[in-house]
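Protein chains in written order, with my numbering: chain A, -7 to 221; chain B, 2 to 133.
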C-alpha cells in the first residue's frame, strides 16, 4: 500500500535537514519568541507608565485648579471692595468694614459680563446668550480658574476656537442627555458639563486649558525661591 | 505699602473702565459677535493682566483711524495694552496668527499683509514698529 511507504523516501539524503540545524532553528525560534514576549511586556510597561504620567499630570492640574478656585472663592466670599467704607479711627470697631462686605443682594439679572476673574471654562459670551435658568447660569459663572498671574494674551485664534468648541460640546451634551431647550438644563447638568469641559479630549478645548495651566505652573515655579546648597 | 490685593483691586477697576470705553468705541464702528460672524469680539474674561483682547473679524476695523480710536481709549493708563488678533471665519487656520499690540505710546505691528486682499495691504500706522 502506498500509505505504508515512508514519507521522506523521495528525499535524497543530502536534502535532509541535519538534526543539529533543526535544533538550532528551534532554539532560534524560541529565542525570538522570548524576545517578542519581552518586547510586548516592555511595550505594555511603557504604556502603563505613559498613562500613569498622564494621570499624574492631570491630577496635578486639577489640584492646581482647585487651589486657584479656592483662592477666588475666598476673595469672593469675603466680598472685599477697595472703596468700601470703614469705621473711622478712634471709634469702636475702627478700621473695620462699615457694612456691605458680602451683603450685596444677589442679582437676578444675568450679568453684563462675568464678574469673577480668570478663565471661564464655559465662556461668558456663550452662557450669557443662552436662555438658561439663573441658577444654571450661576454654575457657569462660578466655574472659573480665579485670577491668572502668568497669562498674557497673544494674537492667537485659540480663544475664539475654544469658545466655538464649547458651544458645539454643549449642543452634544444636550442631545446626549435628551435636552431640547437650554432652559431645561439644570444646575446639576451644568456642573456635569463643566466637568466634561475640564476633562475634554477635544484638542481645541484641552490644549487651551492645558496651556493656561502650564503658564500658571511656570509662573509659580519661577516664584519659588531656589535653595542654595 | 501696596499689597497684592490693592494691585488686584486696581487691575479690576482699570479693566472695567477700559472695557466700557472699548465697547463704546467699537459699538459705534461695528457689531460684536463672539463666533466671528460680525465685526469684532471683545473678550469679556478678565484674566488679571493689564490687557484687553480684541478679535477683529472684519478687516475694515484695521483702518488706521479705527486703531487710533482704540489707542485713545488707553489714555490715562500707560501700562495697559490692547491685543488685537485678526480672525476671519472663512479663513480659519489657513491664515497664520497675526495682529497688533496697541499701547498708549506705540503700536506693535504683527500683521501679515501678504494674506490680505489688495485694498488692505497698504495699511500703515503712525508710530508703529514691527513686532519680533
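Glycine included, C-beta positions come from ideal geometry on N, C-alpha and C. Quantities reported herein were computed from a predicted structural model and do not represent experimental measurements.
Neighbours of residue 44 (chain B) across chain A, judged by C-beta separation under 7 Å: 151. The secondary-structure analysis by DSSP pairs residue 129 (chain B) across a beta bridge with B:108.
A buried status is given to residue 135 (chain A), since no fewer than 16 other beta-carbon atoms sit within 10 Å of its beta-carbon. Under the rule that a run must span 3 or more residues, the beta strand (DSSP E) segments found entirely inside the stretch 34 to 106 of chain B read 41 to 43, 52 to 57, 82 to 87, 100 to 104. Distance from the Cα of residue 111 (chain A) is smallest, within the candidate group A:16, A:48, A:18, A:190, for A:190.
Listed along chain A are 109, each with a C-beta nearer than 7 Å to that of residue 47 (chain B). In the displayed model, residue 114 (chain A) falls within coil according to three-state DSSP, outside both helix and strand. Collapsing the DSSP output to three states places residue 172 (chain A) in coil.
The contact set of residue 139 (chain A) on chain B, defined by CB atoms closer than 7 Å, consists of 9, 49 in chain order. Along the stretch 62 to 89 of chain B, going in chain order, the ones with a CB nearer than 8 Å to a CB of chain A are 84, 85, 86, 87, 88. Contact note: residue 144 (chain A) reaches chain B through 48, 50, 52, 84, using a C-beta cutoff of 9 Å and chain order. Annotation: Cβ neighbours of residue 94 (chain B) in chain A (cutoff 8 Å, chain order): 149.
Separation of the CB atoms of residue 53 (chain B) and residue 19 (chain B) is rounded to 6 Å, and the pair is thereby assigned contact status at 8 Å. Between residue 86 (chain B) and residue 195 (chain A), the gap from beta carbon to beta carbon reaches 8 Å or more. Distance from residue 67 (chain B) to residue 145 (chain A) at the Cβ level is roughly 19 Å; contact not present, criterion being Cβ atoms closer than 8 Å.
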